[in-house]
Amino acid sequence: MRPEWLWCLLPALLLSLLLWHQRGRSGSWSDVIDPELLPLLVGGKSTSRGRNLLPLLLLGWLIAVLAASGPSFQKIPQPVHQKQDALVLVLDLSYSMKSGDLAPSRLDRARQKLLDLLEHRREGQTGLIAYAGDAHIVTPLTDDTPTIANLLPALNPDMMPVPGSDPVAAVAQAVDLLHSAGIRQGRILLVTDGIADKQHKPLLETVSGSGAGLSIMGVGTVTGAPIPLPRGGFLKDEDGTIVMPTLEEARLGKIAAAAGGRYRRMQIDDSDLEYLLADEVLPLQEQTLALDRSADTWEDQGYMLLLLLLPLVLALFRRGWIACLLPALFALQPQPSYAGFWDDLWLTPDQQGQRALERGDPQTAAGLFKDPDWVGTASYQGGD
0 MRPEWLWCLL PALLLSLLLW HQRGRSGSWS DVIDPELLPL LVGGKSTSRG RNLLPLLLLG
60 WLIAVLAASG PSFQKIPQPV HQKQDALVLV LDLSYSMKSG DLAPSRLDRA RQKLLDLLEH
120 RREGQTGLIA YAGDAHIVTP LTDDTPTIAN LLPALNPDMM PVPGSDPVAA VAQAVDLLHS
180 AGIRQGRILL VTDGIADKQH KPLLETVSGS GAGLSIMGVG TVTGAPIPLP RGGFLKDEDG
240 TIVMPTLEEA RLGKIAAAAG GRYRRMQIDD SDLEYLLADE VLPLQEQTLA LDRSADTWED
300 QGYMLLLLLL PLVLALFRRG WIACLLPALF ALQPQPSYAG FWDDLWLTPD QQGQRALERG
360 DPQTAAGLFK DPDWVGTASY QGGD
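In terms of numbering that gives the first Met the number 0, the sequence shown opens at residue 0 and continues consecutively.
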């Protein structure tokens, strides 16, 4: 788990090569010095003791480095949390969305904008509803955004069974979609080129008290453009005048503000999405949602190798050597200045935070966690 510690094996390797070289040099003296004089001149007992001790020290170094590197032989399940951010996209598929005041058409631009949104959406659940004279669920709430993106290009007004524009029915279906998933606070993004004046009040009544905020992205221009028909020509009213639907931003902005959301006309860049989908501040207990699945993480088992060091410590239990080990033993005590360093050797910050939570110390856990979801959970338990 911490392979960078393996670099510490290099000094042990260099020291082993040096000892091997020294051993060869010592052996060459036996060829030129009388065997009775060799121990007196070379220092036989002290040299022999040093040679026997150094391999033990090198073995202890090897075991300590391997333990610090964090060997792991099994995985343990960890609970998975997901950011609780439910968003229902509501797309207008009325014939006015075929107008060409936004090239190539309002609908093409709206679909591309939603594709951009889905591409950057990494957390939370997303649903899609399309409407014209009635509303239909394209996809329920899901975290599988690529599937939604694959369905978007096929949506067009010609496939809708009832022509017209009924955003009230679509928003009501979006609210039902959130409630059926058990979402208490969700968001609805309505992508449309207009809402009739008579639909203003029913729309607000639908959103009121639902716990969902309604934001609106306006599609079109104030000048408008004709609506092309499938067989050629343009849509006309009863008097034979070509219909030129325009974007009434004042009305859409007023509805969005009253519905607890925001309004922004579609832009070329992503500034509209950044404004409309700015993260809302939810209560800490509602920021994350525990899922019915877990993710396996490797368990650090380096501490087991430390047991192999005990025989080496016993071998060094002699006068003089045990005194050299006392500073190391004091350094390993869980004093305030060393406890954090010792924990960092064996546990990740999130694992340390989890242990602090289990001890009933959420304040310390909040300072240890790196995962923002766990930080929020610990802060909530601590009453912050």
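Ideal placement from N, C-alpha and C gives every residue a C-beta, glycine not left out.
Everything numeric in this text was worked out from a predicted model, so none of it was measured.
Three-state secondary structure (DSSP) at Val-190? strand
DSSP state of Pro-139, grouped into three classes? strand
Using 8 Å as the Cβ pair cut-off and three pairs as the minimum, do the stretch 110–125 and the stretch 206–213 touch? no
Between Gly-59 and Gly-359, what straight-line distance do the alpha-carbon atoms span, to the nearest angstrom? Whole-angstrom Cα-Cα distance: 37 Å.
Which residues in the same chain as Leu-275 place their Cβ atom closer than 7 Å to its Cβ, once the five residues preceding and following it in sequence are excluded? Leu-188, Ser-214, Met-216, Arg-261 and Arg-263
Member of Val-374, Thr-191, Tyr-94 and Arg-186 whose CA lies at the smallest distance from the CA of Pro-225: Tyr-94
Ala-109 vs Met-96 beta-carbon contact at 8 Å: A contact, by the Cβ cut-off of 8 Å.
How many angstroms separate the CA atom of Asp-175 from the CA atom of Trp-6? Their Cα atoms are separated by approximately 59 Å.
Spell out a yes or no on whether the stretch 129–141 and the stretch 162–182 are touching, meaning 3 or more CB-CB pairs, one atom from each, closer than 8 Å. yes
Assuming Pro-2 contacts Ser-68 under a Cβ cut-off of 8 Å, what Cβ separation, rounded to an integer in Å, is found between them? Contact flag correct, Cβ pair sits at about 6 Å.
Cβ neighbours of Leu-57 in the same chain (closer than 7 Å, five flanking residues each side left out): Exclusion of the five residues before and after Leu-57 leaves Ala-11, Leu-14 and Ser-15 as the residues of its chain whose Cβ lies within less than 7 Å of its Cβ.
By alpha-carbon positions, which one of Arg-121, Ile-128, Pro-152 and Ala-153 ends up nearest to Asp-143? Arg-121
Given this structure, state the Cα-to-Cα distance separating Val-170 from Val-89, to the nearest angstrom. 7 Å
Taking only three categories from DSSP, how would you classify Ile-182? coil
Give me the Cβ distance between Leu-251 and Ile-182, rounded to the nearest whole Å; I'm assuming they're in contact under 8 Å. Not quite, the Cβ-Cβ distance comes to about 25 Å (not below 8 Å), so this is no contact.
Where does Gln-124 land, buried or exposed, given buried means 16+ other C-beta within 10 angstroms? buried
Enumerate in chain order the residues of its own chain whose CB-to-CB distance from Thr-141 is below 8 Å, with the five nearest sequence positions on each side excluded. Gln-124, Thr-125, Gly-126 and Ile-147
Spatial neighbours of Gln-380 within its chain, please: C-beta separation below 6 Å, excluding the five flanking residues on both sides. Pro-361
How about Gly-219 and Leu-346: do their beta carbons lie closer than 8 Å? In this structure, Gly-219 lies away from Leu-346, with their beta-carbon atoms at least 8 Å apart.
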